[in-house]
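Report on one structure; see the data block that follows.
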Amino acid sequence: MSDIRLEERLIHATAGLLEGCPHIACGVLSPIPGAAAMLAARRHGGRVSIIGCDLPEYRCDGGVELFDQAAQGRVDAFFLSGGQIDGQGNINLHGVGDYPEMDVRWSGAFGSAYLYFLVPRVILFRLEHSRRVFPEKVDFVSSPGLSAPGIHRPGGPHALITNLCVMMFDKAKGRFRLASVHPGHSVEEVRDNTGFAFDIPDHVPETPTPPPDDLALIRGDIAAKIADPYPKFARAVFGIGAEAA
Amino acid sequence: MSDIRLEERLIHATAGLLEGCPHIACGVLSPIPGAAAMLAARRHGGRVSIIGCDLPEYRCDGGVELFDQAAQGRVDAFFLSGGQIDGQGNINLHGVGDYPEMDVRWSGAFGSAYLYFLVPRVILFRLEHSRRVFPEKVDFVSSPGLSAPGIHRPGGPHALITNLCVMMFDKAKGRFRLASVHPGHSVEEVRDNTGFAFDIPDHVPETPTPPPDDLALIRGDIAAKIADPYPKFARAVFGIGAEAA
Amino acid sequence: MTQFLSDPDALAALIPDGAMIAIAKEPLSPVALTRALIRRGARDLHLVTVPTATYVADLMIGAGCLGLVETSGISLGEFGPAPRFTKAVRTGAVRIKDSTCPAVYAALQAGEKGQPFVPIRGLIGSDVFESRDDYLTMPNPYDPSDEIAILPAIRPDFALIHADRADRFGNVHVGARHELKTLAHAARQTIVTVEEIVDGDLREDPAAAPNLIGSIYVAAMAEAPRGAWPLAAPGRYPFDEDHVIAYAKRARDDDAFADYLREQVFGAPARSAAE
Amino acid sequence: MTQFLSDPDALAALIPDGAMIAIAKEPLSPVALTRALIRRGARDLHLVTVPTATYVADLMIGAGCLGLVETSGISLGEFGPAPRFTKAVRTGAVRIKDSTCPAVYAALQAGEKGQPFVPIRGLIGSDVFESRDDYLTMPNPYDPSDEIAILPAIRPDFALIHADRADRFGNVHVGARHELKTLAHAARQTIVTVEEIVDGDLREDPAAAPNLIGSIYVAAMAEAPRGAWPLAAPGRYPFDEDHVIAYAKRARDDDAFADYLREQVFGAPARSAAE
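Residue numbers (our numbering), protein chains in the order written: chain A, 7 to 251; chain B, 7 to 251; chain C, 178 to 452; chain D, 178 to 452.
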């Protein structure tokens, strides 16, 4: 069997975090989460909505209905990213410097200041693991990782997936715990490149390799299907064009 | 020209009260108001929505959109009736006796407790002019004729049309004024059959007879068109079946 | 995933006594499902009419299925008052929460959006408002001189919907009746009967796709041809005026109504009764 | 009644400086109308993006049409940041009101329903909320321990919409884009460009009727073939990736952006520029 690509490993690891979610939604620029959601649904059943996808099976316009479903308790998992993510799970999609006239301005909150509160398992996904991206404190809280008592907060951060590792968020302690490190990387490398404090257990496993049957599914059916919402990704990772969908 | 029917006279009189209304809406059980709205639209331009009508020109499902339009200020005239209507313009669609276990229970408020507040010209329409129907005070205020200061109240009663007369509502004084009496009836008859006090000017004209061109329009085009929303009425008054629509 | 069951009686078995159910006005009211609830002896249901009702509510009230009815109006339309409703209110056999149509729509829309409450114009100063201890007023926070009514959101336990057609994925076509989408979204679960379950995926039909209740909302479904009879199903069958006129007459008398139930509801399953 | 005008420039003349305009996200964004507003030298407009924007907002900001932009996010999507937007925010050339997508939808829906304000979940504790002096919190009146965010309704002066087709009665077909109906209902007036004005009455087409913006909302309309270009019009033409990639590059430099405006916006009316 050919070498396992990082993308394939992350698809498999992410799918494991989605077990038992009846409805997983993900965004139009999230090919790895999208593929992971498809894999999880295949393995454990459940429904996947991919914003901007035209396949009826996954269709979701990312509009009013998805937000309403989140408030109804009908969305179990979602993915968010951030230009900055800190140790309390605060995410920053707005920029660097003092608001409003920031030194660097990013796009804005999109749905994060709402979905992060309402979707039980929000998986944070960022493939650039650095102290710049993971500072001790974000410059602007586009959406907070934790809420005060009395604020309706069924949702929040569940895990953080990077190019180096997987961290789980402990809501009680309000901090991340290193769960696994990808092959070729080390706990030290993770610590050196993370600007916030997080828990490190005595034994940190390696992020598992997808078993052959999952790998076959990822490289077959799923690679073909994600060519619809994520053509560039399918081409780059699996050499598959949209017509294969 | 054949005798003028009461319905025809009321259609003409009501149409006069609708002059200058860009959008007139009326209910599924209101054939005379419906015909009057059509006549007013023909004479002065404007748009007519008839709840439950299937003709695209007048189509209105009487659902969410009509209520939202009223709140947006996009409905200029509407019609309401009541099992009881009193001198302050309060209407009762709920019943007679003590609520909730009333001696006689009617249907309920429908949209009145909202539309009466928001539609500038609400025309009250009831063809049984009696002290029972027009008491000094209604048993139950399904919707009030007047609101306290500080309550958003762009709408309210404009006129009352009965089988005996036309009354106009004076919002400043909070009472009705007799405007005209239909041929064959008298001011005394109106007073004797009204349970509430109202103003009577020195000279009370007769409710005018529709001019020939209006009458021709009512008996022609309009009679044919109202056969769609109001087949029974078209049959009874104009001897026209729905197929004529 | 949507359960596909054999008939309305199988669906009725899913709805426990005491549940809050919501049913939309004609046309396409879920008559067959209502009759199945009566057959199963449902009790103490809380019916929310969306926003009004006719035959369906009168029938359930007469059969003793309802403990509470929340409505903006119940009558038989041009065929006069709803006899079992008016009697039950008069005698206190059913509790009533009176409302006004747009308040029911606004409260369901708040339920759909997960908003715990919603402001609405009108209502203040009416005895409808006075009769509702769950309707409040508050100053508009953006203009404290402006007093406005506040309603709690409505999230029914079950939306009961009869539709023209659905596919085998559980997607239900409601055409222009978008208030049925709001109703299904606001409800915890939606139970559906349809005139016809069709082949294919309605989501793939661009004319149908914008007008569907997605299967994610639909807990269970059964085919029920003529499932709205004696009320109308546009494009399928007309309103059965003779039947409803006869009903209006029989429902005025306790014994005649009991006969009607025996004959029309218990005598046969809704399906064959409709043919 | 809906006015039918010759082209987007005639429509742009109806929109005064300082007006609050609202524009929905891709696809079918009103690019030709936006370019016409730039040609007429519109100034100090308050743009509400529904709920986000890409090229259209960046272009208007770069052309100096906007005094204030209210948005949940502006970028060029997979083609990176929106250069004129990011620069204008950095330099304070445009004021910004940041929001989050469902808040924009909820505020427009409140505008549609004539509700002065609306409660919404989320937001509390974010710097988005802190940055908005018009966002408040209040205790849920039905559970005072539950603190919830409150937003003012949005009622734009003008909704600017590009649609696939409309009829000569002024009815506009939006297909599954029902948020465009909410937008048109919430706005005081709606100004529409369409790919094609069709014969007949769309209200008579059962597939179209549920998915129309009724003419009562539509103040004025013009036909604008390729009126969404270089963005996509599904079923008509695809997203023009080359154009937007080139734009993304040129918009990073003041002079190159000025050239782009001269060449693409002022150089020719939107219509021919699109062909």
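Ideal Cβ positions, reconstructed from N, Cα and C, are used throughout, including at glycine. None of these values were measured; they are calculated from a predicted model.
Item to check | Under 7 Å from the C-beta of residue 46/A: neighbouring residues of chain C | outcome: Those within 7 Å of residue 46/A in chain C number zero; the least Cβ separation is about 16 Å.
Item to check | Own chain residues within Cβ distance below 7 Å of residue 193/D, not counting five before or after | outcome: none
Next on the checklist: With three or more C-beta pairs closer than 8 Å as the rule, is the segment 309–323 of chain D touching the segment 146–154 of chain A?
Outcome noted: no
Checklist entry - Does DSSP put residue 170/A in a helix, a strand or coil? => result coil
Item to check | Where residue 420/C sits in the DSSP three-state scheme | outcome: helix
Item to check | beta strand (DSSP E) runs wholly inside the segment 303–343 of chain C, at least 3 long, in chain order | outcome: 313–317, 320–329
Checklist entry - Along chain D, in chain order, which residues have C-beta atoms closer than 8 Å to that of residue 194/A? => result The contacting residues do not exist; residue 194/A stays about 33 Å from chain D at best.
Next on the checklist: Under DSSP, the beta strand (DSSP E) around residue 193/A begins and ends at which residues?
Outcome noted: That residue, residue 193/A, is in no beta strand (DSSP E); its alpha helix (DSSP H) goes 193–198.
Checklist entry - Considering only residues of the same chain and omitting the five flanking positions on each side of residue 133/B, which have a CB-CB separation below 6 Å? => result 169
Checklist entry - In terms of alpha-carbon separation, which member of 209/B, 60/B, 29/B, 35/B lies closest to residue 231/B? => result 60/B
Next on the checklist: I believe residue 277/C touches residue 115/B by the beta-carbon criterion, under 8 Å. Please report the beta-carbon distance rounded to the nearest angstrom.
Outcome noted: 5 Å
Checklist entry - What number of angstroms, rounded off, separates the C-alpha of residue 248/B from the C-alpha of residue 221/B? => result Low confidence applies here, because residue 248/B scores a pLDDT of 45, under 50, leaving its location unreliable; read the following figure in that light. So the alpha carbons of these two residues sit roughly 20 Å apart.
Checklist entry - Does the beta-carbon distance from residue 204/C to residue 385/C come in below 7 Å? => result no
Next on the checklist: Below 8 Å on the Cβ atoms is my contact criterion, and I expect residue 205/A with residue 184/A to pass it. Report the Cβ-Cβ distance as a whole number of Å.
Outcome noted: 7 Å
Checklist entry - So does residue 42/B have its beta carbon nearer than 6 Å to some heavy atom of the ligand NAD? => result Absent from the structure shown: the ligand NAD. Ligands present: none.
Checklist entry - If contact means a Cβ-Cβ distance below 7 Å, which residues of the segment 125–158 of chain A contact chain D? => result 146, 147, 148, 149, 150, 153, 154, 156, 157, 158
Next on the checklist: Would residue 250/C and residue 229/C be called neighbours here (beta carbons separated by less than 7 Å)?
Outcome noted: yes
Next on the checklist: Nearest by alpha-carbon distance to residue 258/C: which of 211/B, 113/B, 179/B, 177/B is it?
Outcome noted: 113/B
Checklist entry - Do we get a CB-CB distance below 7 Å when we pair residue 234/A with the residues of chain C? => result no
Checklist entry - So, does the CB of residue 31/A fall closer than 7 Å to a CB anywhere in chain C? => result no
Item to check | Beta-carbon spacing of residue 54/A, residue 90/A below 7 Å | outcome: no
Checklist entry - Any chance the segment 183–198 of chain C sits against the segment 227–241 of chain B, with 3 or more Cβ pairs inside 8 Å? => result no
Checklist entry - Going along the chain, which residues of the segment 239–265 of chain C sit with their C-beta nearer than 8 Å to a C-beta in chain B? => result 248, 249, 250, 251, 252, 254, 255, 258, 259, 262, 263
Checklist entry - Is the CB-CB distance between residue 224/D and residue 243/D below 7 Å? => result yes
Item to check | Within-7 Å CB hit, residue 453/C to chain D | outcome: What the structure shows of chain C is the stretch from 178 to 452, and residue 453/C is not part of that stretch, so it cannot be assessed.
Checklist entry - To which residues of the same chain is residue 56/A closer than 7 Å at the C-beta, ignoring the five residues directly before and after it? => result 32, 40, 64, 66, 235
Item to check | Inter-residue spacing [alpha-carbon to alpha-carbon] between residue 84/A and residue 128/A | outcome: 5 Å
Next on the checklist: Given a cut-off of 7 Å on the beta-carbon distance, is the pair residue 62/B and residue 373/D in contact?
Outcome noted: no
Next on the checklist: Per DSSP, what are the beta-bridge partners of residue 414/D in this structure?
Outcome noted: 410/D
Item to check | Where residue 209/B falls, given that 16 or more other Cβ within 10 Å makes a residue buried | outcome: exposed
Next on the checklist: Please list the terminal residues of the continuous beta strand (DSSP E) segment that includes residue 29/A.
Outcome noted: 29–32
Item to check | Simplified DSSP state of residue 440/C, which is helix, strand or coil | outcome: helix
Checklist entry - Could one say the Cβ of residue 291/C lies closer than 7 Å to chain D's Cβ atoms, at least one of them? => result yes
Item to check | Runs of alpha helix (DSSP H) lying entirely within the segment 262–301 of chain D, each at least 4 residues, in chain order | outcome: 278–289
Next on the checklist: Between residue 239/C and residue 261/C, how many whole angstroms is the CB-CB distance? I'm expecting something under 8 Å.
Outcome noted: 3 Å
Checklist entry - residue 389/C: which of 315/C, 191/C, 351/C sits nearest, CA to CA? => result 351/C
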